[in-house]
Amino acid sequence: MNKKDTPTLIFVALALFVALGIGSSFFGSEKVPDGTVPLKPPVIGGPFELVDHTSRTVTDKDFHSKYLLIYFGYIYCPDVCSTAVITISDALDILGPDMANKITPVFVSVDHERDTPESLREYVGQFSPRFVGMTGTKKQISQVAKAYNVYFAKSEEPGGNAENYFMDHSAITYLMGPDGKFIRHFPYGIDPKNMADQIKKILG
Ligand code: NI
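The sequence shown begins at 248 in the working numbering and counts up one residue at a time.
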C-alpha cells in the first residue's frame, strides 16, 4: 500500500471497530439510539453497602468526608495483597499524620466465604490502625467490585479441598475524592514514596 491509502484504511478499520460493536464493549459505554457510540471512559466508584471490620454496616456515604484509598483483595492471598496493603500503609506514613488523617485506607475483601469482619479486623490491624477492612455478602461484594471495575474469580487448586483456594483479582489501588468521585489509580508494585508524592500533589 502507498501513503495515500493509509487514511482510508484507518477510516475503514474504525468503521468496522464501531460496526462490530467492539467499540461499545471496549469503551464500556452504551450504544445510543442513533447508533453513535460516545467515547466515554468507564465510571469508577458509586454506591455500595458492606460490613466493616467492627461488624458495622457501612455505605459509600460514610466515607464521603475524606479521601479514600481503596484496594480489593483477600486475607488468604499468598503475597500480592499484603504487599499492596503495606505499600498503602508506608505511603501514609511518608505523608505524615496531617495529610494521612485526610485519607481513609480501605481493604475490600473479594472472598466473602472466608473473610469475616473478625478476621479482617485482625488482618488490617497487623498493617495499620488506620485501615478499614470491609466484607459482605456475595451480592454486596459483586456490586462494589462492579462499581470499581474490579475483576475477581475463585481459582480452585487442583487436588485442593473446598476450603483451600486462591482468588484471582485485580490489584489496583484507587484514590477517590471526598465527593466520592474517582481521582486516579495506582498500579500494583508502585513504590510507596512515589504513591505518597502523587497523593501530596493532589491534596496540596
Ligand atoms: Ni491478592
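Note that the Cβ used here is the ideal one computed from N, Cα and C, for glycine as well.
Just so we're clear, the structure is a prediction, and the values are computed from it rather than from any experiment.
Can you grab the Cα-Cα spacing for the pair residue i / residue j, in whole Å?
i, j, result
"residue 334", "residue 326", "12 Å"
"residue 363", "residue 382", "7 Å"
"residue 396", "residue 428", "14 Å"
"residue 435", "residue 418", "6 Å"
"residue 386", "residue 380", "17 Å"
"residue 390", "residue 295", "7 Å"
"residue 372", "residue 365", "11 Å"
"residue 393", "residue 440", "29 Å"
"residue 425", "residue 292", "12 Å"
"residue 311", "residue 421", "15 Å"
"residue 298", "residue 445", "30 Å"
"residue 450", "residue 308", "20 Å"
"residue 287", "residue 357", "27 Å"
Among the options, which one has its Cα closest to the Cα of residue i?
i, options, result
"residue 353", "386, 346, 370", "370"
"residue 413", "402, 361, 309", "402"
"residue 447", "342, 323, 431, 360", "342"
"residue 348", "306, 361, 375, 288", "375"
"residue 355", "322, 437, 312, 346", "322"
"residue 377", "344, 320, 303", "344"
"residue 433", "331, 304, 288", "331"
"residue 430", "350, 360, 411, 399", "350"
"residue 361", "301, 346, 409, 290", "409"
"residue 304", "290, 384, 399", "384"
"residue 306", "398, 388, 411", "388"
"residue 324", "415, 423, 398, 442", "415"
"residue 320", "302, 411, 400, 443", "400"
"residue 328", "346, 443, 367, 411", "367"
From the DSSP output, read off the bridge partner residues of residue i.
i, result
"residue 433", "420"
"residue 351", "315"
"residue 415", "400"
"residue 379", "353"
If you scan the region 279 to 343 from start to end, which runs of the beta strand (DSSP E) of 3 or more residues do you find wholly inside it?
296 to 299, 304 to 306, 314 to 320
- Just checking, does the region 313 to 321 make contact with the region 329 to 345 on the three C-beta pairs under 8 Å criterion? yes
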